[in-house]
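Below you'll find the structure, written out as structure tokens, and then a few comments.
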Amino acid sequence: MTTRIALVTGATQGLGTALVAGLGQRMKPADTVYLTGRDAARVSAAVAALPETTAEVRGAVLDVSDPASVTRLAAELEHRHGGVDVVFGNAVMRVGPDDDPRAIVEEYTEVNNFGTTRVLRAFAPLLRDGGRLIVVASSLGTLTFLAPVLHRHFDGLSSLDAVDTATAGWRDQVRDGSARAGAWPGFVNIPSKIAQVAAVRALARQRRSSDTERGILVAAVCPGMMNTPTSALWWDVSAAPSPEQAAVPLLSLALDPIKPDHYGELIRDGAVLPWHPAS
389 MTTRIALVTG ATQGLGTALV AGLGQRMKPA DTVYLTGRDA ARVSAAVAAL
439 PETTAEVRGA VLDVSDPASV TRLAAELEHR HGGVDVVFGN AVMRVGPDDD
489 PRAIVEEYTE VNNFGTTRVL RAFAPLLRDG GRLIVVASSL GTLTFLAPVL
539 HRHFDGLSSL DAVDTATAGW RDQVRDGSAR AGAWPGFVNI PSKIAQVAAV
589 RALARQRRSS DTERGILVAA VCPGMMNTPT SALWWDVSAA PSPEQAAVPL
639 LSLALDPIKP DHYGELIRDG AVLPWHPAS
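Here the sequence shown stands for residues 389 to 667, numbered as in my numbering.
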């Protein structure tokens with residue numbers, strides 16, 4: 389019997405936990421879903437609190453801000469299973485309205501951006517035929533939300549190294565305060581999400597031909613606004629979907645037949661969100 393292996397980063401709460409539960413309920417008894425997070429106690433507690441699943445759910449410590457942690461878990465899964473079939477890059481550092489971008493941007497990018505590219509580098513080579521590698525981003529992650537003069541920083545990048553360099557340049561300007569005097573948006577989530585989508589697009593440019601032949605999907609996905617405590621700091625989310633509801637279209641992207649036009653794109657509710665602003 390062919391078994392499938394799934395992994396969700398940042399899975400000890402919210403959407404990450406909902407993705408693990410959904411995968412565990414939709415996958416088969418011989419399959420395994422890894423619930424990961426950087427704190428071992430929280431990982432264990434999250435696994436214990438899950439509803440009943442068909443597939444086995446295992447906890448694993450993974451700190452995407454630590455390169456050694458990412459490469460170590462990737463090596464363990466390759467040794468144990470020979471590869472992976474579904475990876476959700478969902479780890480995120482959340483910020484509130486009162487946070488000073490200059491004070492938090494280094495840790496923020498280390499998790500949200502360099503953590504994303506670490507996961508892409510480590511787990512893309514492990515994808516088996518038919519695999520899915522999905523980065524949870526946002527509809528803010530398109531060039532529509534960036535001043536045209538800044539598009540060159542993230543548009544057309546052909547490698548993850550180039551994305552990291554562009555991200556570091558923006559981070560440094562936020563940290564030293566010069567971003568405020570330029571065209572960069574004050575809300576750090578916007579350039580960060582754009583950089584995440586740019587990373588997916590860069591990886592897809594390198595892998596498209598072989599991935600198409602092997603039935604592999606590499607994509608970014610927007611779960612939409614959710615009713616979570618962090619979102620409530622910024623907006624009225626009382627009528628927004630729960631993480632469990634928001635997870636449904638993401639699970640479809642991971643488990644249902646692939647739509648070729650989704651490859652390398654940012655997807656929301658099954659539709660491609662254009663990278664470039666409408667002309």
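By construction, the Cβ of each residue, glycine as well, lies at the ideal position given by its N, Cα and C atoms.
Reduced DSSP secondary structure (H/G/I, E/B, other) of residue i
{"i": "F476", "result": "strand"}
{"i": "V609", "result": "strand"}
{"i": "M389", "result": "In this prediction, M389 scores a pLDDT of 46, lower than 50, which makes its location untrustworthy; no coordinate-derived value is stated."}
{"i": "D564", "result": "helix"}
{"i": "A556", "result": "helix"}
{"i": "D517", "result": "strand"}
{"i": "R482", "result": "coil"}
{"i": "L528", "result": "coil"}
{"i": "E440", "result": "coil"}
{"i": "Y666", "result": "Position check: residue 666 holds Ala in this sequence, whereas Tyr was assumed. It is coil, neither helix nor strand."}
{"i": "A571", "result": "coil"}
{"i": "V493", "result": "helix"}
{"i": "L450", "result": "coil"}
{"i": "A628", "result": "coil"}
{"i": "I655", "result": "strand"}
{"i": "A399", "result": "coil"}
{"i": "L534", "result": "coil"}
{"i": "G404", "result": "helix"}
{"i": "A418", "result": "coil"}
{"i": "L423", "result": "strand"}
{"i": "I522", "result": "strand"}
{"i": "V585", "result": "helix"}
{"i": "L411", "result": "helix"}
{"i": "L465", "result": "helix"}
{"i": "L545", "result": "coil"}
6 Å CB neighbourhood of residue i in its chain, flanking five on each side removed
{"i": "R602", "result": "D517"}
{"i": "L545", "result": "V551, A586, A590"}
{"i": "G471", "result": "L514, R516"}
{"i": "R559", "result": "V493, T497"}
{"i": "M389", "result": "Confidence in M389 is poor, its pLDDT being 46 and thus under 50, which makes the residue's placement unreliable; the coordinate value appears in the next sentence. Same-chain partners within the cutoff: A418."}
8 Å CB neighbourhood of residue i in its chain, flanking five on each side removed
{"i": "L438", "result": "T405, V408, A409, G412, L423, V445"}
{"i": "R531", "result": "The identity of residue 531 in the sequence shown is Leu, whereas the question assumes Arg. If we look at L531 and ignore the five residues flanking it on each side, its Cβ neighbours are H539, F542, D543, I582, W663, H664, P665."}
{"i": "L654", "result": "A525, S527, G529, T530, V585, V588, A607, A608, V609, C610, V660, L661, W663"}
{"i": "L605", "result": "G519, R520, L521, I522, D599, L641, I646, H650, Y651"}
{"i": "P417", "result": "T442, A443, E444"}
{"i": "A433", "result": "T400"}
{"i": "R595", "result": "A512, I604, V606"}
Integer Cβ distance of residue i from residue j, believed to fall under 8 Å
{"i": "A642", "j": "V474", "result": "5 Å"}
{"i": "V452", "j": "V507", "result": "6 Å"}
{"i": "V576", "j": "V493", "result": "6 Å"}
{"i": "T391", "j": "D419", "result": "5 Å"}
{"i": "L534", "j": "P579", "result": "7 Å"}
{"i": "P631", "j": "G402", "result": "5 Å"}
{"i": "T555", "j": "N501", "result": "5 Å"}
{"i": "L656", "j": "G612", "result": "Before going further, note that residue 656 is Arg rather than Leu in the sequence given. Yes, R656 and G612 are in contact; Cβ-Cβ is about 7 Å, under 8 Å."}
Neighbourhood of residue i by C-beta, 7 Å cutoff - its chain only, sequence neighbours within 5 removed
{"i": "V499", "result": "V452, S453, A479, V480, M481"}
{"i": "R414", "result": "L639, L643"}
{"i": "R430", "result": "T400"}
{"i": "H670", "result": "Missing from the structure shown is residue 670; the chain here goes from 389 to 667 and no further."}
{"i": "E495", "result": "M481"}
Cβ-heavy atom distance, residue i to the ligand MN, below 8 Å
{"i": "W558", "result": "For the structure depicted, the ligand MN is absent and the ligand set is empty, with no information on it obtainable."}
Please confirm if the region 481 to 492 is in contact with the region 567 to 582, defined as three or more CB-CB distances below 8 Å between the two stretches. With a cut-off of 8 Å, the region 567 to 582 and the region 481 to 492 count as touching, because enough Cβ pairs lie within range.
Quick check: the region 462 to 477 against the region 498 to 515, are there 3 or more CB pairs under 8 Å? These segments touch.
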